[in-house]
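As they're listed, the protein sequences go chains A and B.
When the first sequence is numbered by my numbering, its final residue is 96 and no position is left out of the sequence of numbers.
When the second sequence is numbered by my numbering, its final residue is 131 and no position is left out of the sequence of numbers.
One structure below.
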Amino acid sequence: SAVISQKPSRDICQRGTSLTIQCQVDSQVTMMFWYRQQPGQSLTLIATANQGSEATYESGFVIDKFPISRPNLTFSTLTVSNMSPEDSSIYLCSVEVGTGNEQYFGPGTRLTVT
Amino acid sequence: QQQVKQSPQSLIVQKGGISIINCAYENTAFDYFPWYQQFPGKGPALLIAIRPDVSEKKEGRFTISFNKSAKQFSLHIMDSQPGDSATYFCAARGWSNFGNEKLTFGTGTRLTIIP
């Protein structure tokens, strides 16, 4: 498995501002993922971030809105830009480890946009 | 075709009973089927997973049953305990348009175990 931490754990932000979420893993991993989970809802993949390459975004998510950095094998950031109340959600970092390709999730960042 | 349908949306089971959550999929390219358990305010935790070449996998009180021909799989929790009260998500692994693997999640089941 993997131990994943996220910062901040929660934040309340004003409309029009940006927030950068950090994800730190206790071991080197190739693949990292960012998900969004709206309250009481399922998880939706935002993008996949592999070290050394550009992040790839799922349909409905764009780099200008959710820029991602992946500077090394243990760290990634997701920025939520020009926020609106519709961006209020839980943002989750996930990593793939092991030969079985298991995905493990961080504790999430709960974002409220006012 | 990328959807995973999960039922029921909510489930109440008495302590000691069997909890059963079902999922169905359409995409035959899915090759890995994990279940996640999520407590309020926490990230999802990997519970158990199965590959389509196996019909059943058991870990402790948790069992996955997999029916490849019906494209269905289910989670069984034996001797359900109040500590099992959580939201459960099934998922299926496929591939995105970019060639990256991608987990598609079901809509979740809120399980409540009553004494």
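Glycine included, C-beta positions come from ideal geometry on N, C-alpha and C.
Could you give the uninterrupted runs of the beta strand (DSSP E) lying entirely in the segment 103 to 129 of chain B, keeping only those of 3 residues or more? Counting only unbroken stretches of 3 or more residues, the beta strand (DSSP E) elements lying wholly within the segment 103 to 129 of chain B are 117 to 121, in sequence order.
Which parts of the segment -10 to 44 of chain A are runs of the beta strand (DSSP E), unbroken and 3 residues or longer, counting only runs that do not cross its ends? -8 to -5, 1 to 7, 13 to 19, 25 to 32
In chain A, which residues lie with their C-beta within 7 Å of the C-beta of serine 90/B? Counting from 1 along the second sequence, the entry for residue 90/B is found at position 74. In chain A, no part has a C-beta under 7 Å from the C-beta of serine 90/B; the shortest such distance is about 18 Å.
Report buried or exposed for lysine 31/B, applying the criterion of at least 16 other Cβ atoms within 10 angstroms of its Cβ. Within the second sequence, residue 31/B is the residue found at index 15, counting from 1. Lysine 31/B should be labelled exposed.
Return no unless some Cβ of chain A is closer than 7 Å to the Cβ of threonine 123/B. For this step, residue 123/B is matched to residue 107 along the second sequence. Interface residue (Cβ-Cβ distance to chain A less than 7 Å): threonine 123/B is classified as such.
Among residues of its own chain, excluding the 5 on either side of serine 26/B, which ones have a beta-carbon nearer than 6 Å to its beta-carbon? Indexing the second sequence from 1 puts residue 26/B at position 10. Here the set comprises Arg126.
By the three-class DSSP mapping on this structure, what secondary structure does proline 131/B have? The count along the second sequence starts at 1 and reaches residue 131/B at position 115. Coil at proline 131/B, not helix or strand.
Which class does proline 50/B belong to by DSSP, given the choice of helix, strand or coil? Within the second sequence, the letter at position 34 stands for residue 50/B. In this structure, proline 50/B counts as strand in the three-state DSSP scheme.
What are the residues in the segment 59 to 92 of chain A lying within 9 Å of chain B by C-beta distance? Only those residues of the segment 59 to 92 of chain A whose C-beta falls short of 9 Å from the nearest C-beta of chain B are listed: Ile72, Leu74, Cys75, Ser76, Glu78, Gly82, Asn83, Glu84, Gln85, Tyr86, Phe87, Gly88, Pro89, Gly90, Arg92.
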